[in-house]
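Residue numbers (the numbering used here): 2 to 352.
Every residue, glycine too, gets a C-beta built ideally from N, C-alpha and C.
Note that the coordinates shown come from a computational prediction; the quantities given were computed from them, not determined experimentally.
Structure first, then comments.
Here it is, written out as structure tokens:
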């Protein structure tokens, strides 16, 4: 039978788990957080009402030596901070219970000066970087060449190769995360009233964006910018000619379908990207997510405002400055309209 300290700790974890469930957090998020707190308890070998700020310092030093990533350290701190917030919340009885049973009470041990409190735009491996324009072109040329080769040889797989090429182009042209891309449905393709000639390919409605704080996926609408209008003909070909040849039926809304009439998986997208990257002779430091970083970099180089780009990719970081504040649809359309005006005037000058 567990000792009293262990029983109380288990009850605390269960209560915190239920609180997070009531807030709508995902099961996986809750499991990760409770596992971190349990690991911290095991590391310091003390119950929560005896934890100190120094314990967090030692835990961070030990775990940081293994992970070496700010994002993991921040996640660890966030889990411990959230658990301590729960224990010290007067709406619950843990302070009273601990004082009565053990003569001590929990306190918040994750403070601004001993935790990774700020989020930076990029915290991954320093080797990772955006694609250059030439590298993007090489990747897409390789994908297109595979389609042409399969068609010319009469071998199977041409439709799948066409799908894969257009999917990768979509990731880049809209700055999507892999889950956002594979979870697109046909109904997520939208018109942009400012660019009627693009038809239903003027914007994409992202319904499976990265969740904030373990909650439900966020949503956003990403506008196609004039510099990437080359994406439209290929997407139109895929949607109106190629996709239907997979015979997805009326019950499968997925934009990217497989030969087995199922939705394409994120794992498949990762593997296909790696194959095409290697076939193109590009650096292995370039990942699928590098296309998203390239989108941000290239839009900024095109002259789009930081706030517009921030809204396009759906970044919601705590340390962003006022220029990354939420942007209204009117602002996004105004920025886009200015780019369209410049493009139209340039074409008029050419004639």
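To the nearest whole angstrom, what separates the beta carbons of residue i and residue j, a pair I think is in contact under 8 Å?
| i | j | result |
| --- | --- | --- |
| residue 131 | residue 298 | 4 Å |
| residue 63 | residue 44 | 7 Å |
| residue 359 | residue 159 | Absent from the model: residue 359. The displayed extent of the chain is 2 to 352, so no value can be given. |
| residue 162 | residue 141 | That belief does not hold up - the Cβ atoms of residue 162 and residue 141 are roughly 12 Å apart, past 8 Å. |
| residue 283 | residue 139 | 6 Å |
| residue 22 | residue 14 | Rounded, the Cβ-Cβ distance is 13 Å, inconsistent with contact. |
| residue 197 | residue 190 | Incorrect: roughly 14 Å between the Cβ atoms, too far for contact. |
| residue 103 | residue 17 | Actually they are not in contact, since the Cβ atoms of residue 103 and residue 17 sit about 18 Å apart, beyond 8 Å. |
Going by DSSP, which residues form a beta bridge with residue i?
| i | result |
| --- | --- |
| residue 221 | 207 |
| residue 186 | 255 |
| residue 191 | 204 |
| residue 264 | 258 |
So for residue i, helix, strand or coil by DSSP?
| i | result |
| --- | --- |
| residue 159 | helix |
| residue 24 | coil |
| residue 145 | helix |
| residue 247 | helix |
| residue 55 | helix |
| residue 314 | helix |
| residue 296 | helix |
| residue 110 | coil |
| residue 284 | coil |
| residue 105 | coil |
| residue 47 | coil |
| residue 11 | helix |
| residue 130 | coil |
| residue 301 | helix |
| residue 176 | coil |
| residue 196 | coil |
| residue 116 | coil |
| residue 95 | helix |
| residue 337 | helix |
| residue 19 | helix |
| residue 226 | coil |
Going by other Cβ atoms of all chains shown within 10 Å of its Cβ, with 16 needed for buried, is residue i buried or exposed?
| i | result |
| --- | --- |
| residue 134 | exposed |
| residue 313 | buried |
| residue 90 | exposed |
| residue 176 | buried |
| residue 320 | Model confidence at residue 320 stands at a pLDDT of 38, short of 50, so the residue's coordinates are unreliable; what they give is reported in the following sentence. So residue 320 counts as exposed. |
| residue 345 | exposed |
| residue 340 | buried |
| residue 209 | buried |
| residue 5 | exposed |
| residue 192 | exposed |
| residue 77 | buried |
| residue 225 | buried |
| residue 301 | exposed |
| residue 232 | buried |
| residue 1 | What is shown of the chain runs 2 to 352, which leaves residue 1 out entirely. |
| residue 112 | exposed |
| residue 383 | No statement about residue 383 is possible, as the shown extent of the chain runs from 2 to 352 and does not include it. |
| residue 188 | exposed |
| residue 72 | exposed |
Does any heavy atom of the ligand FMN sit closer than 8 Å to the C-beta of residue i?
| i | result |
| --- | --- |
| residue 13 | Absence of the ligand FMN is noted for the structure shown, with no ligands found whatsoever. |
Open item on the list: With three or more C-beta pairs closer than 8 Å as the rule, is the stretch 245-259 touching the stretch 97-110?
Closed with: no
Open item on the list: Contact between the stretch 92-100 and the stretch 51-58 is defined here as three or more beta-carbon pairs at a separation below 8 Å; is this criterion met?
Closed with: no
- [ ] Would you check if the stretch 183-190 and the stretch 259-273 touch, i.e. whether three or more CB-CB distances between them fall below 8 Å?
- [x] yes
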